[in-house]
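Residue numbers for the sequence shown follow my numbering, beginning at 8 and rising by one. Each remark here refers to the structure printed beneath this line.
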Amino acid sequence: MQAILLSREEVARRAREIYENSIRQQVETAENTSKMVIIDTETGEYAVDKIGIESARYLRNKRPFARLYGIRIGYKVAVSFCGFLERDS
Numbered sequence: 008m009q010a011i012l013l014s015r016e017e018v019a020r021r022a023r024e025i026y027e028n029s030i031r032q033q034v035e036t037a038e039n040t041s042k043m044v045i046i047d048t049e050t051g052e053y054a055v056d057k058i059g060i061e062s063a064r065y066l067r068n069k070r071p072f073a074r075l076y077g078i079r080i081g082y083k084v085a086v087s088f089c090g091f092l093e094r095d096s
């Protein structure tokens, strides 16, 4: 299978689209707030865990060359260097 080369922007756009259209309503619960959802942008498969490492490993084991993207559930950004994360409305 030939790999499709995508820009970082296209990977992010696809992941956000998948999240908004099919994942958000399933994962945005009180117990998942602030956890990471990792999305395979080619298959739409995803996994959730506290910091995203185990989810990324799980998805990489299934598809070693997968284009993965992480989103922090309930927040506008995944990480912050100043210590403040703005909540998503």
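No residue lacks a Cβ here, since even glycine has one placed at the ideal position from N, Cα and C. Source: prediction; values computed, not measured.
The segment 16-23 makes contact with the segment 71-80, as at least three CB pairs between them are under 8 angstroms.
Taking the CA atoms as reference points, Cys89 sits about 14 angstroms from Lys83. Nearest in C-alpha terms to Glu38, of all of Asp95, Ile45, Gly81, Arg94, is Gly81. Residue pairing from DSSP places Leu75 in a beta bridge opposite Asp47. Comparing alpha carbon positions, the residue from Lys69, Ala54, Asn68 closest to Ser62 is Ala54.
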